[in-house]
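Below: the structure, in structure tokens.
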Amino acid sequence: LWQFGGQCLRRQRYAPDLFLDRRGDTEEHHPHQSPRQQLIDQVTAAVDADDVEALATLTVDIPDAANLLEDAMAGLAGAALAQMLGEATAQGVTVDGTPEPDQDRLAQVAVLVAALIGAGMSASAARKALQAWAPGATADEVAAAVEAHLQALSDAGLKDNLGAGLSVAQNEGRVAVLRQAPTADYYASEVLDANTCPPCAAIDGHHFTDLADAETQYASGGYTECDGGLRCRGIIVTVWDAAAVQQSEAA
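Each residue of the sequence shown is one higher than the one before, counting from 23 in this note's numbering.
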């Protein structure tokens, strides 16, 4: 499912490069000023005005980013929903109605993730500008240092943030099915990551009281107490008992 989510993003010609500004033909593919250039221009203006405090207000406007991410999240949520329906069918359970992910929540999370990525880029640019702003340094010199820094940025932070959005989408798809399915037994599963942290190792296999309890502990998809934060790859595993199967057969 995570590979599917990545494929959804890569189908867009300039995402996730839209965030990192490493694509070619910027004006052809994206008519707005690139994120990197926005930050360079703001740094240049701050140095010209001798206004160090202005570095605290650096911002990035990436109009298409949230929409691209929302599309990818919707695709992954749909795939996760289909997978969860398949798991129910394999256990002999029928899910009534037509489960649907919460599209409003997916859209809101996409906006948040895009904002977090932009804020991270802004903070990184501000730190480098402050470091390079020596007495007598020109605006062009400081801007050049910031540009080189932004060009050399790793995509690790970007992947973490995008992964968090995709994790939410996966969880939304699966939980949408569980909310309409017969009551089941819900367990924590922390076997998808080779580097399981102590809190996740401790909850692995835990039997939740009910679905609400499980959703509380796995609010964003992963475990809420994971040392890796939103990078957690834990999930809720569902097991239906014989009564649930009989209920489906009788329906």
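Glycine included, each C-beta is placed from N, C-alpha and C at the ideal position. These numbers were taken from a predicted model, which means no experiment stands behind them.
Using only the alpha-carbon positions, how far apart do residue i and residue j sit?
i, j, result
"Ala276", "Tyr208", "Outside the displayed span of the chain (23 to 273) sits residue 276, for which this structure offers no information."
"Val259", "Ser176", "34 angstroms"
"Val267", "Thr205", "10 angstroms"
"Glu169", "Gly158", "19 angstroms"
"Pro121", "Leu233", "16 angstroms"
"Val69", "Val164", "8 angstroms"
"Ala154", "Gln173", "16 angstroms"
"Asp182", "Leu77", "25 angstroms"
"Ala224", "Glu237", "17 angstroms"
"Gly243", "Val190", "5 angstroms"
"Pro53", "Ile84", "At Pro53 the pLDDT is 49, less than 50, meaning the model places this residue with poor confidence; the figure from the coordinates comes in the next sentence. Taking the straight line joining both Cα atoms gives about 11 angstroms."
"Arg255", "Asp73", "43 angstroms"
"Leu107", "Val199", "7 angstroms"
"Ala156", "Ala71", "15 angstroms"
"Ser146", "Leu138", "12 angstroms"
"Leu103", "Thr116", "14 angstroms"
"Gly119", "Ala203", "9 angstroms"
"Val135", "Ala264", "41 angstroms"
"Thr160", "Ala67", "11 angstroms"
Would you say the beta carbon of residue i is closer than 7 angstroms to some non-hydrogen atom of the ligand SAH?
i, result
"Gly114", "Absence of the ligand SAH is noted for the structure shown, with no ligands found whatsoever."
Quick one: is residue i buried, meaning 16 or more other Cβ sit within 10 Å of its Cβ, or exposed?
i, result
"Glu75", "exposed"
"Glu50", "The predicted model places Glu50 with a pLDDT of 45, which falls under 50 and marks its position as unreliable; any figure quoted below should be read in that light. The residue is exposed, with fewer than 16 neighbouring Cβ atoms inside 10 Å."
"Val213", "exposed"
"Gln192", "buried"
"Arg149", "exposed"
"Thr218", "buried"
"Val197", "buried"
"Gly140", "buried"
"Pro220", "exposed"
"Val261", "exposed"
"Ala358", "Nothing about residue 358 can be reported from this structure: the residues present for the chain run from 23 to 273 only."
Check residue i in the structure and name its three-state DSSP category.
i, result
"His228", "coil"
"His52", "With a pLDDT of 44 at His52, under the threshold of 50, the modelled position of this residue cannot be trusted, and the question is left open."
"Asp93", "helix"
"Ser211", "strand"
"Val115", "coil"
"Thr79", "helix"
"Leu188", "helix"
"Leu98", "helix"
"Ile139", "helix"
"Pro121", "coil"
"Cys222", "helix"
"Leu175", "coil"
"Pro157", "coil"
"Ala241", "coil"
"Lys181", "helix"
Can you name the residues that DSSP bridges to residue i?
i, result
"Ala198", "Answer is none; Ala198 lacks a bridge partner."
"Val259", "Tyr209"
Kindly indicate if chain D contains any beta-carbon less than 8 angstroms away from that of residue i.
i, result
"Ser146", "No chain D appears in the structure shown, which is made up of a single protein chain."
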